[in-house]
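To start, the structure itself, in structure tokens.
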DNA sequence: ACTTTCCTAACATCAAAATGTGATACCGCT
DNA sequence: AGCGGTATCACATTTTGATGTTAGGAAAGT
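Protein chains in written order, with the working numbering: chain A, 321 to 532; chain Z, 321 to 532.
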């Protein structure tokens, strides 16, 4: 079995000790770096012979820079590192901010040491592990939104909108829907009135953002 | 412990038997409905006294309608059901299609029965479980993309792009950036050249899709 | 010192879009 | 039968956008 090179950034001494005791005494892991802030962690990496690290357990609430805002800096120093967030926060904002910054897993601190170990090993195998409640929030991001029913636009108008979003000119829309270009103009004027906008650009933005 | 009302839609008799044997003999579960296609499953629900179902294990590759395209129909009949995809497919397209349709978990068929049970119970507790390799693909959806085109645009050009995405006209951009409208035109012409496009619409689409 | 890149700007031209007014016709509703 | 909403079309005008050429000045690199 390959030995996994670990790092931990955590400011709570109790949690840190617990993680150190658990991972430090296991032959599967080589706990190479421990730090209590992103700043000091980065300092430890900015040496002549930086350690090789596979996985980082990273807290969010830290003195100085937060774990999330520190991710870019860390990935800058270690592009290949896999970052597992380990935090008490469960709000969607922080979860998505962390994932968007490049974290690959997200665990709540209620997670048992056994499960944290499981997550670390899963990640080292190229997978990802998330706490069930976190995973639920993530999948809900994709789930079909409760339709904001479009009372403002008619079916025909939505057809026109789609054509515009597809990049068609008035002339092409007229050809495609087999109506006159003047009719297209009229439709679009009505659409603009209904949405309270006055340019193709705004319409495309609204449509791509799912507002229409 | 609450009993979990289960349904299974699976056309492979071997897999089905294995699941039936496992969940049918466990007191925690009430395996209420088994079907080998979405169509027959929906028929079983279209009765005077439809069963109460908490969780559905759903295959993708099925005779007739695919599992993914069947999700909307199923959710129409049972809005509260939690759908766990159970399939051999691991391609991102299918994963995201299933999640966007409203599935809450996604397991590969390599998943052991014990882990499937774990997933079912996790979901019944309001969480979500995904196979590690699936979870990885999901988090990679959020991860920062390797920078692409935006190396071809200068800072100033990105400013202009932002203004256009915000729905400003050339005139308004000129006013906002305090430059002449001719300069705005020149910038935009260069931007179009750099991105190989030729309209505001395409630019807005690229920008909103994160390509710039 | 020289080149390159970028931001700036003016002038010009044609295509496309935005806006307005007015009109005909169909459909469903009361 | 009459009303409101929708879809259709025409004509006209003004504004905006797309594309081109040319060019000066500032900053940065060779």
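Glycine included, each C-beta is placed from N, C-alpha and C at the ideal position.
Do residue 417 of chain A and residue 380 of chain A have their C-beta atoms within less than 7 angstroms of each other?
Numbered from its first residue, the first chain carries residue 417 of chain A at position 97. Numbered from its first residue, the first chain carries residue 380 of chain A at position 60. No; because the gap between Cβ atoms is not below 7 angstroms, this pair is not in contact.
Among Z:481, Z:390 and Z:422, which has the Cα closest to the Cα of residue 402 of chain Z?
What you label residue 402 of chain Z is simply residue 82 of the second chain in a count that begins at 1. Nearest option by C-alpha distance: Z:422.
Going by DSSP, what residue range makes up the beta strand (DSSP E) through residue 406 of chain Z?
Indexing the second chain from 1 puts residue 406 of chain Z at position 86. Here the beta strand (DSSP E) through residue 406 of chain Z covers 402-407.
Does the distance from the CB of residue 377 of chain A to the CB of residue 415 of chain A come in under 7 angstroms?
As a position in the first chain, residue 377 of chain A is number 57, starting the count at 1. As a position in the first chain, residue 415 of chain A is number 95, starting the count at 1. No. Outside cutoff.
Below 8 angstroms on the Cβ atoms is my contact criterion, and I expect residue 424 of chain Z with residue 448 of chain Z to pass it. Report the Cβ-Cβ distance as a whole number of Å.
On the second chain, residue 424 of chain Z is found 104 positions in, with the first residue counted as 1. On the second chain, residue 448 of chain Z is found 128 positions in, with the first residue counted as 1. The pair is a contact, with the Cβ atoms about 5 angstroms apart (cut-off 8 angstroms).
Going by alpha carbons, who is nearest to residue 433 of chain A out of A:406, A:510, A:386 and A:370?
Start at 1 with the first residue of the first chain, and residue 433 of chain A comes out as number 113. Closest option to residue 433 of chain A, Cα to Cα, is A:406.
Residue 509 of chain Z bridges to which residues according to DSSP?
Looking up residue 509 of chain Z in the second chain gives position 189. Beta-bridge pairing links residue 509 of chain Z to no other residue.
Can you name the start and end residues of the beta strand (DSSP E) that residue 354 of chain Z belongs to?
Along the second chain, read from residue 1 onward, the residue named residue 354 of chain Z stands at position 34. Looking at the DSSP string, the run of the beta strand (DSSP E) that includes residue 354 of chain Z is 349-355.
Quick one: is residue 452 of chain A near chain Z, going by C-beta distance under 7 angstroms?
As a working note, residue 452 of chain A is residue 132 in the first chain. Closer than 7 angstroms to some Cβ of chain Z, the Cβ of residue 452 of chain A qualifies, so yes.
For residue 465 of chain Z, count the other beta carbons within 10 Å of its own beta carbon; 16 or more makes it buried, fewer makes it exposed. Which is it?
In the second chain, the residue the question calls residue 465 of chain Z occupies position 145. The residue is exposed, with fewer than 16 neighbouring Cβ atoms inside 10 Å.
What are the complete alpha helix (DSSP H) segments, minimum 4 residues, inside the segment 447-524 of chain Z?
Counting whole runs of 4 or more residues, the segment 447-524 of chain Z contains the alpha helix (DSSP H) stretches 452-462, 475-485, 490-497 and 501-515.
Could you pull out every residue in the same chain whose Cβ sits closer than 6 angstroms to the Cβ of residue 508 of chain A, ignoring the five residues on either side in sequence?
Numbered from its first residue, the first chain carries residue 508 of chain A at position 188. Within the same chain, residue 508 of chain A has no close Cβ partners at all.
With distance defined between alpha-carbon atoms, name the residue in A:440, A:517 and A:477 nearest to residue 489 of chain Z.
If you number the second chain from 1, residue 489 of chain Z lands on position 169. Comparing Cα positions, the closest option is A:517.
Please say whether residue 511 of chain A and residue 477 of chain A have beta carbons closer to each other than 7 angstroms?
In the first chain, residue 477 of chain A corresponds to position 157, counting from 1. In the first chain, residue 511 of chain A corresponds to position 191, counting from 1. Closer than 7 angstroms, so yes.
Go ahead and pull the three-state DSSP assignment for residue 345 of chain Z.
Taking the first residue of the second chain as 1, we reach residue 345 of chain Z at position 25. In the structure shown, residue 345 of chain Z sits in coil (DSSP, three-state: anything other than H, G, I, E or B).
Measuring only the C-alpha atoms, how far is residue 410 of chain Z from residue 458 of chain Z?
As a working note, residue 410 of chain Z is residue 90 in the second chain. As a working note, residue 458 of chain Z is residue 138 in the second chain. Distance between the alpha carbons of residue 410 of chain Z and residue 458 of chain Z: 11 angstroms.
So the beta strand (DSSP E) residue 286 of chain Z belongs to, where does it begin and stop?
Because chain Z spans 321 through 532 in this model, residue 286 of chain Z falls outside it and cannot be assessed.
Rounding to the nearest angstrom, what Cα-Cα distance links residue 370 of chain Z and residue 364 of chain Z in this structure?
As a first step, residue 370 of chain Z is located in the second chain; it is residue number 50 there, counting from the start. As a first step, residue 364 of chain Z is located in the second chain; it is residue number 44 there, counting from the start. One C-alpha to the other measures close to 8 angstroms.
Tell me whether the beta-carbon of residue 472 of chain A lies closer than 7 angstroms to the beta-carbon of residue 527 of chain A.
Stepping through the first chain from its first residue, residue 472 of chain A is reached at position 152. Stepping through the first chain from its first residue, residue 527 of chain A is reached at position 207. For residue 472 of chain A and residue 527 of chain A, no; Cβs fall outside 7 angstroms.
At the 7 angstroms Cβ level, is residue 513 of chain Z part of the contact set with chain A, yes or no?
Residue numbering aside, residue 513 of chain Z sits at position 193 when the second chain is read from its first letter. Judged by the 7 angstroms Cβ criterion, residue 513 of chain Z is not in contact with chain A.
Beta-carbon of residue 393 of chain A versus every beta-carbon of chain Z: anything under 7 angstroms?
For the purposes of this step, residue 393 of chain A is taken as residue 73 along the first chain, with counting starting at 1. So, not an interface residue.
By a C-beta neighbour count over all protein chains shown, 10 Å radius and 16 as the cutoff for buried, is residue 355 of chain Z buried or exposed?
On the second chain, position 35 is the one that residue 355 of chain Z refers to. Residue 355 of chain Z comes out buried.
Excluding five sequence neighbours on each side, which residues of the same chain lie with their C-beta closer than 7 angstroms to the C-beta of residue 500 of chain A?
One-based indexing of the first chain puts residue 500 of chain A at position 180. Within the same chain, residue 500 of chain A has close Cβ partners 494.
Going by beta carbon distance, what residues of the same chain come within less than 8 angstroms of residue 336 of chain Z, once the five residues before and after it are set aside?
Translated into the one-based positions of the second chain, residue 336 of chain Z becomes position 16. Within the same chain, residue 336 of chain Z has close Cβ partners 328, 330, 354 and 356.
Just verifying my parser: in three-state terms, what is the DSSP assignment at residue 432 of chain Z?
Start at 1 with the first residue of the second chain, and residue 432 of chain Z comes out as number 112. Three-state DSSP puts residue 432 of chain Z in coil, outside helix and strand.
Would you verify that the beta carbon of residue 456 of chain A is, or is not, closer than 7 angstroms to some beta carbon of chain Z?
Counted from its first residue, the first chain places residue 456 of chain A at position 136. Interface residue, yes.
Once you ignore the five residues that flank residue 439 of chain A on each side, which residues in its own chain have a CB closer than 7 angstroms to its CB?
Mapped onto the first chain, residue 439 of chain A falls at position 119. Only 404, 425, 427 and 449 meet the Cβ criterion.
Can you pull the chain A residues whose beta carbon is under 9 angstroms from the beta carbon of residue 522 of chain Z, in chain order?
Counting from 1 along the second chain, the entry for residue 522 of chain Z is found at position 202. Simply 487.
Could you tell me which residues DSSP pairs with residue 377 of chain Z in its beta bridges?
Along the second chain, one-based indexing puts residue 377 of chain Z at 57. Per DSSP, Z:328 and Z:404.
Give me the Cα-Cα distance between residue 342 of chain A and residue 444 of chain Z, rounded to the nearest whole angstrom.
Numbered from its first residue, the first chain carries residue 342 of chain A at position 22. Numbered from its first residue, the second chain carries residue 444 of chain Z at position 124. Each residue's Cα considered, the two are about 31 angstroms apart.
Using only CA atoms, which one of Z:323, Z:332, Z:530 and Z:529 lies nearest to residue 429 of chain Z?
For the purposes of this step, residue 429 of chain Z is identified with residue 109 of the second chain, where counting begins at 1. Answer by Cα proximity: Z:332.
With a 10 Å radius around its C-beta and 16 neighbouring C-beta atoms as the bar for buried, classify residue 374 of chain Z as buried or exposed.
For the purposes of this step, residue 374 of chain Z is taken as the residue at position 54 of the second chain. So residue 374 of chain Z ends up on the buried side.
Can you say whether residue 520 of chain Z is buried or exposed, counting buried as having 16 or more other CB atoms within 10 angstroms of its CB?
Indexing the second chain from 1 puts residue 520 of chain Z at position 200. The residue is buried, with at least 16 neighbouring Cβ atoms inside 10 Å.
Please report how far the alpha carbon of residue 338 of chain Z lies from the alpha carbon of residue 435 of chain Z, in whole angstroms.
Counting from one through the second chain, the residue named residue 338 of chain Z turns up at place 18. Counting from one through the second chain, the residue named residue 435 of chain Z turns up at place 115. Residue 338 of chain Z and residue 435 of chain Z: Cα-Cα distance of roughly 14 angstroms.
What's the C-alpha gap between residue 469 of chain Z and residue 515 of chain Z?
As a first step, residue 469 of chain Z is located in the second chain; it is residue number 149 there, counting from the start. As a first step, residue 515 of chain Z is located in the second chain; it is residue number 195 there, counting from the start. For residue 469 of chain Z, the predicted structure reports a pLDDT of 45, less than 50, and the residue's modelled location is therefore unreliable. The matter cannot be settled from this model.
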